[in-house]
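Line by line, the protein sequences are chains A and B. Under the working numbering, think of the first position of the first sequence as 1, with each following residue one higher. Under the working numbering, think of the first position of the second sequence as 1001, with each following residue one higher. Just so it is clear, CB atoms sit at the ideal spot from N, CA and C, and this is done for glycine as well.
There are 2 protein chains.
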Amino acid sequence: MNLKELAKALNLSFSTVSKALRDSHEISVATKNRVLAKAKELNYQVNPQASSLRKQKSKTIAVVIPEVVNDFFGPVINGIESIAQEKGYHVLIYLTHEDMQKEIAITKLLQNGRVDGIMMSLSEETSDTTHLQALRENEIPLVFFDRIAEDIDAPKVTTDDYNCGIKATEHLIENGCTRIAFLSIAPNLSISNKRMNGYLEALKKHNIKPDNGLILSCTGDEAKNKTLIKQLFKRKNRPDGIFASVEKLAIAAYEICAELTLTIPQDVKVICFSNMQTAAWLNPSLSTITQPAYEMGREGASILFKLVEKKGHHFLLENTVLNSALVARNSTKRS
Amino acid sequence: MNLKELAKALNLSFSTVSKALRDSHEISVATKNRVLAKAKELNYQVNPQASSLRKQKSKTIAVVIPEVVNDFFGPVINGIESIAQEKGYHVLIYLTHEDMQKEIAITKLLQNGRVDGIMMSLSEETSDTTHLQALRENEIPLVFFDRIAEDIDAPKVTTDDYNCGIKATEHLIENGCTRIAFLSIAPNLSISNKRMNGYLEALKKHNIKPDNGLILSCTGDEAKNKTLIKQLFKRKNRPDGIFASVEKLAIAAYEICAELTLTIPQDVKVICFSNMQTAAWLNPSLSTITQPAYEMGREGASILFKLVEKKGHHFLLENTVLNSALVARNSTKRS
DNA sequence: AAAACCAACGACAACGTTGTAGCAAATAAA
DNA sequence: TTTATTTGCTACAACGTTGTCGTTGGTTTT
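Next up, the structure:
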């Protein structure tokens, strides 16, 4: 069922029908109603690719993220989708699986009008950003969230990672920790660095000498991470506090503590960035820095649609910073 | 950068260029190489909507699911995306938020060639299926997974819900439970009924009289659910076992037990369908029936692409059933 | 050497829309 | 009454591809 057939059924030219459907002032009310009724009767729907081709707009955005099985990215998609649905846009999902090559391949797919805009959070691996620069050169509206590329000229939605790095570290200090380890991930990621800088700042503020042996550079390899953490716990001056920059490292720490029969929070206190819904039900319940993931999605999508809808507003380079919240639970409780 | 410009740069007709790019036998190897080189140099990418319009294929599939912040649907998307990426397809995500009206609106969007196929899991609310019938009539390849529509003629990928209903119930019985409550959700859903039938069958097998007061019809309203569960625990013959058909009801049970100072598993044992990654770290660790979510996504997508790629194979109405696994943990431990 | 054939390319008509330009008839202004 | 203007509709040319059908020259067959 296309315009031509619909027009034939109505004995009208297909341009008249097209205009009637889009409520053009050139068409009489009587004809419009006739067309609308027939369109409904025959269940006519415009062909999206024909329309997109003609209008040079796809009414689609892409969301490029590392993974979807994740308590942070899940709600973000939710937020993006809620705005997209309001605006009548469609949402394509692309997963990089933390692989820069995949990220590059995906950005290539998005260069030729498939989408009107892109929301993106970088993979852990991404060190080089020429593929992102290419997107900017093609003038495709682009908004980064959380894991941003600082050198790319695009709006960014982040959380107050530096401050939260401070807050989390101070929370451990206030609860009696003196040898606080920082479990870092992906040195390329801006969030990782900001969180670590907050950690270092807090130590400085409280006159604790930073110890490079307490800063672990973890990777995507979980087994390796566990070995590193185990080594950390076995060194002479075992840490009494763990600040994990991501959830999975905190869970790894839980596992290692169980293995080594260390008790949380008596022997070690643990805090991490996490949006886990069941943090309160862990054993022990996990103290977290929780990011406003849903709001980040909505905020980012709102900015993206501003860019998409009135192009040329490149001055709209707003960097939005939302606040995360520290939720203290038993894993950091003073004994 | 389009074909016309590329052709001009090469001093060739654009049909020649088009054929060269698609490796047609009509074009000499020398020309092909020249075209390929120039295309790379000028970073030419085919316009997807023009190509789709011409070929009447969108190279895109839709995934329609209730929600994305979910340890089941997350891995499913992962599985689907992995197959889609292999096949060079794009993935559109649509969330129904368990709302039948949204589900209907979404299916309408998918009627006119936007996608070549659909993977779908129904919303809790979906009782009527005429909107799904419409998809079938439009001959859009459609595969259901997990929450299927039994009366729609389409391939379905499910898990052995009935058997697992039996297994979970027997697990509770074996650990000493005699008054087992079933926390059901959404009576419209096939999975809910199958799980409950398994529960009833297990009771029968072990000569336990089913008690309607122990079967709770929960809904999307969390506060209401909690009230129901609280009432359940306050009745004269308090249940000593809880079989929750979904994870969130198990967590609600955990909360109510904490409120009423009931201890799991001493006072009540709890088991539920769940793909939570941290089930082992809950307090107490949660016994679960875990579905092979990622595999379901891959399996479903594989079937979908068979349908998409050779249309007319409607005999391909395979109903695939994958097995879930019962993982016993402390929440059902015999005291 | 004429007939048949093939290899390599170009012209062109779709695919289904949309917006601009055109064209009658009806209405308003001169 | 003639000339503008408006109203309501149609014709048509894009948008960027792709596949069919021609059209060349050159090579092989008989």
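With 7 Å as the threshold, decide whether the Cβ of residue i is near any Cβ in chain A.
i               : result
H1131 (chain B) : no
Y1254 (chain B) : yes
E1081 (chain B) : yes
V1069 (chain B) : yes
Can you pull the chain A neighbours of residue i, defined as C-beta to C-beta under 7 Å?
i               : result
A1050 (chain B) : L53
N1011 (chain B) : Per Cβ cutoff of 7 Å: no residues; N1011 (chain B) is ~23 Å from chain A at best.
V1029 (chain B) : Within chain A, no residue comes near V1029 (chain B); the closest Cβ sits about 25 Å away, beyond 7 Å.
Taking C-beta pairs closer than 8 Å, name the residues in chain A that residue i reaches, listed in chain order.
i               : result
T1126 (chain B) : Those within 8 Å of T1126 (chain B) in chain A number zero; the least Cβ separation is about 18 Å.
Q1111 (chain B) : N43, Q45
V1143 (chain B) : The contacting residues do not exist; V1143 (chain B) stays about 18 Å from chain A at best.
Looking at the C-beta of residue i, does it have a partner C-beta in chain B at a distance below 7 Å?
i              : result
H171 (chain A) : no
G117 (chain A) : no
I93 (chain A)  : yes
P75 (chain A)  : yes
R114 (chain A) : yes
V308 (chain A) : no
N78 (chain A)  : yes
H90 (chain A)  : yes
With a 10 Å radius around its C-beta and 16 neighbouring C-beta atoms as the bar for buried, classify residue i as buried or exposed.
i               : result
V1029 (chain B) : exposed
R22 (chain A)   : exposed
R235 (chain A)  : exposed
T263 (chain A)  : exposed
E1081 (chain B) : buried
L1183 (chain B) : buried
L1317 (chain B) : exposed
R195 (chain A)  : buried
K1008 (chain B) : exposed
A223 (chain A)  : exposed
S335 (chain A)  : exposed
Name the chain B residues whose beta carbon is nearer than 8 Å to that of residue i?
i              : result
V246 (chain A) : Going along chain B, no residue has its Cβ under 8 Å from V246 (chain A), so there is no contact; the nearest lies around 13 Å.
V157 (chain A) : Residues of chain B passing the Cβ test: none, with the nearest at roughly 18 Å.
For residue i, go through chain A and note every residue whose CB falls closer than 9 Å to its CB, in chain order.
i               : result
H1206 (chain B) : Within chain A, no residue comes near H1206 (chain B); the closest Cβ sits about 30 Å away, beyond 9 Å.
S1058 (chain B) : P48, Q49
L1322 (chain B) : Under the 9 Å cutoff, chain A gives no residues; its nearest Cβ is about 18 Å from L1322 (chain B).
Run down chain B in chain order and give the residues with a C-beta less than 9 Å from the C-beta of residue i.
i              : result
V270 (chain A) : Near V270 (chain A) there are no residues of chain B at all, since even the closest Cβ is about 12 Å away, more than 9 Å.
I251 (chain A) : Q1277, T1278, W1281
Margin query: Would the region 265–272 of chain A count as touching the region 109–121 of chain A if we require 3 or more Cβ pairs under 8 Å?
Written below: no
Item checked: alpha helix (DSSP H) runs contained entirely in the region 1065–1129 of chain B, provided each spans 4 or more residues -> 1073–1087, 1100–1109
Next item on the list: Write down every uninterrupted run of the alpha helix (DSSP H) in the region 172–260 of chain A whose length is 4 residues or greater and which is fully enclosed by it, in chain order.
Entry: 190–205, 222–234, 247–259
Margin query: Count Cβ pairs between the region 31–39 of chain A and the region 1037–1044 of chain B that sit closer than 8 Å; are there 3 or more?
Written below: no
Next item on the list: Give a yes or no on contact between the region 1186–1197 of chain B and the region 1248–1257 of chain B, applying the rule of three or more CB pairs nearer than 8 Å.
Entry: no
Next item on the list: Could you pull out every unbroken beta strand (DSSP E) segment of at least 3 residues lying fully inside the region 1264–1294 of chain B, listed in chain order?
Entry: 1269–1273, 1287–1290
Checklist line | Inter-stretch contact at 8 Å, needing at least 3 Cβ pairs: the region 1140–1159 of chain B / the region 1297–1312 of chain B | finding: yes
Notebook entry, point to check: Is there contact here, the region 57–66 of chain A with the region 1118–1136 of chain B, by at least three beta-carbon pairs under 8 Å?
Noted result: no
Next item on the list: Count the C-beta pairs between the region 1173–1182 of chain B and the region 1217–1225 of chain B that are closer than 8 Å, then say yes if the count reaches three, no if not.
Entry: no
Note to self: Below 8 Å, how does it come out for the region 83–99 of chain A and the region 286–303 of chain A: are there three or more Cβ pairs, yes or no?
What the structure shows: yes
Next item on the list: Specify whether the region 232–246 of chain A and the region 272–288 of chain A touch according to this definition: at least 3 beta carbon pairs, one from each stretch, less than 8 Å apart.
Entry: yes
Notebook entry, point to check: When the Cβ atoms of the region 1323–1335 of chain B are set against those of the region 1279–1295 of chain B, are three or more pairs found closer than 8 Å?
Noted result: yes
Margin query: Three Cβ pairs or more, each shorter than 8 Å: is that satisfied between the region 289–296 of chain A and the region 155–169 of chain A?
Written below: yes
Next item on the list: Could you tell me whether the region 1100–1107 of chain B touches the region 1126–1136 of chain B, using the rule of 3 or more Cβ pairs below 8 Å?
Entry: yes
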